[in-house]
Amino acid sequence: MRQVSDAARKGATEQLVRVRQVYELTGRLDYDKVGEADARIDCPQVPQELRAAALDGRRTTYLDLSGADPAVWAARPVGSGHVLSVRRSLAEERAELEELDAQLLASGTGVVALAAVGGALLASRLSKDLRAAAETARRISAGDLDARIGPSGAPGSRDEVAELSSAVDTMAASLQRRLEAEQRFTADVAHELRTPLTGLHTAAELLPAGRPTELVRDRVAALRTLTEDLLEVARLDGDREEARLPEA
């Protein structure tokens, strides 16, 4: 708006200069030569502020934006106590500004609509990724160590949800490796204990009857039972066997 007003003031001033030149050369206002300027001598419609400035010996301009027909005025003193003024209508400029406002409003509405749709799509994708992450976490806590979230979001992009998914998958893989290592350790220990326990059992059977022999045989039997239990647990953890509960 400031640019429009500055251009209007400049145009009115230039027209005032041309009107004055014509007036000084011919002694009259020739409208055919001064273009669109509505030039007058002592025009009664000249704003009082502009008239006072002109009678004070100054050339100045005045924007009148009130009413249905906005205009810009320019005036200067001429002769003795007279005011030469020109008036340019700004109706065309106002129409252009209103058209520009309408275009900006339409463009702004379109941008807001696109932003709303994009925000809804993004929120939907994030919500879907978060639900998938929560479901995978529940599966892992239930014992499914092979569960993974996998890549999320657009290929090549990184965001908070993708980082969360990667962290959960890394945690699940680390937990799986640790549990598998513990299972292998348990199975190896049980296997390594079976051979010496078998020898102990054979040696205990060769001992002479008596209370000490019974105690030794009892402890060896307990150790053999514990070793077999460890092997059974290792097989169940490794999914090599399936536990079957007796029917009631």
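Taking this note's numbering as reference, the numbering of the sequence shown is continuous, increasing by one, and the terminal residue is 1739.
Ideal Cβ positions, reconstructed from N, Cα and C, are used throughout, including at glycine.
Since the structure is predicted, the reported quantities are computational estimates derived from the model, not experimental observations.
Report task. Rounded to whole angstroms, what's the CA-CA distance from L1575 to S1496? Just pull it up for me. Result -> If you draw a straight line from the Cα of L1575 to the Cα of S1496, it is about 21 Å long.
Query raised in the report: Are the CB atoms of V1563 and V1510 nearer to each other than 9 Å?
Result: Taking 9 Å as the cut-off, the beta carbon of V1563 is found no closer than this to the beta carbon of V1510.
**Report entry** Proximity of L1636 and L1666 at Cβ, strictly below 9 Å
**Finding:** Yes, these two residues count as a Cβ contact at 9 Å.
Query raised in the report: Is D1523 helix, strand or coil when you go by DSSP?
Result: Its pLDDT being 43, under 50, D1523 is placed unreliably in this model, and the coordinates cannot settle the point.
Requested in this report: Output yes if chain D places a C-beta closer than 9 Å to the C-beta of V1603; else output no.
Outcome: Protein chain content of the structure displayed is limited to a single chain, and chain D is not contained in it.
Requested in this report: Can you check DSSP and say which residues form a bridge with D1529?
Outcome: D1529 pairs with R1578.
Report task. Could you work out which residue in A1638, A1695 and A1672 is closest to A1660 when comparing CA atoms only? Result -> A small fix is needed here, since residue 1660 is Asp in this sequence, not Ala. Among A1638, A1695 and A1672, the Cα nearest to that of D1660 belongs to A1638.
Query raised in the report: With respect to the beta strand (DSSP E) encompassing V1537, which residues constitute its N-terminal and C-terminal limits?
Result: Taken as a continuous stretch (DSSP letters only), V1537 belongs to no beta strand (DSSP E), as it is neither H nor E.
Query - Same chain, Cβ closer than 6 Å to R1542, neighbours up to 5 away in sequence not counted - result: These residues qualify, in order along the chain: V1574.
Query raised in the report: Between the stretch 1678-1691 and the stretch 1704-1724, do three or more beta carbon pairs fall short of 8 Å?
Result: Judged by Cβ distances under 8 Å, the stretch 1678-1691 makes contact with the stretch 1704-1724, as three or more pairs qualify.
Report task. Give a yes or no on whether the C-beta atoms belonging to A1664 and I1640 are separated by under 9 Å. Result -> In this structure, A1664 sits away from I1640, with a CB-CB distance that is not shorter than 9 Å.
Query raised in the report: Going by the CB atoms, is the gap between R1549 and A1565 shorter than 9 Å?
Result: Not closer than 9 Å, so no.
Report task. Tell me where the alpha helix (DSSP H) around L1451 begins and ends. Result -> Lying before the first or after the last residue shown, residue 1451 is absent from the chain, which here runs from 1492 to 1739.
Report task. Let me know the secondary structure DSSP gives D1547 once reduced to three states. Result -> Here D1547 sits in coil by DSSP.
Requested in this report: Specify the secondary structure class of D1637 as computed by DSSP and reduced to three states.
Outcome: D1637: coil per DSSP, three-state reduction.
Query raised in the report: Taking the alpha-carbon positions, what's the D1523 to E1589 distance?
Result: With a pLDDT of only 43 at D1523, under the threshold of 50, the placement of this residue in the model should not be trusted; the figure read from the coordinates follows. Roughly 30 Å separates the two Cα atoms.
Query raised in the report: Taking the alpha-carbon positions, what's the S1615 to T1627 distance?
Result: Inter-residue distance for S1615 and T1627 is about 18 Å (C-alpha atoms, whole angstroms).
Report task. Compute the distance between the beta-carbons of R1675 and A1695, then report whether it is under 9 Å. Result -> Their beta carbons are not under 9 Å apart, which means R1675 does not touch A1695 by this criterion.
Report task. Below 6 Å CB to CB, which residues in the same chain sit around A1678 once its five sequence neighbours on both sides are set aside? Result -> Closer than 6 Å at Cβ, skipping near neighbours: A1725.
Report task. Tell me, please, which residues DSSP counts as bridged to T1552. Result -> The bridge partners DSSP lists for T1552 are A1565.
Query raised in the report: Hey, R1567 and D1529: beta-carbon distance below 9 Å or not?
Result: Not closer than 9 Å, so no.
Query raised in the report: Would you report the Cα separation of Y1553 and R1531, rounded to the nearest angstrom?
Result: Distance between the alpha carbons of Y1553 and R1531: 15 Å.
Requested in this report: Less than 8 Å between the CB atoms is what I'm expecting for V1513 and L1520, so what's the real figure, rounded?
Outcome: Rounded, the Cβ-Cβ distance is 7 Å, consistent with contact.
Report task. Using a threshold of 9 Å, state whether the C-beta atoms of A1499 and L1591 are closer than that. Result -> It is not a contact, given that the beta carbons lie outside the stated cut-off.
Report task. Would you mind stating whether H1692 and A1712 have Cβ atoms separated by less than 9 Å? Result -> Between H1692 and A1712, the C-beta spacing is below 9 Å.
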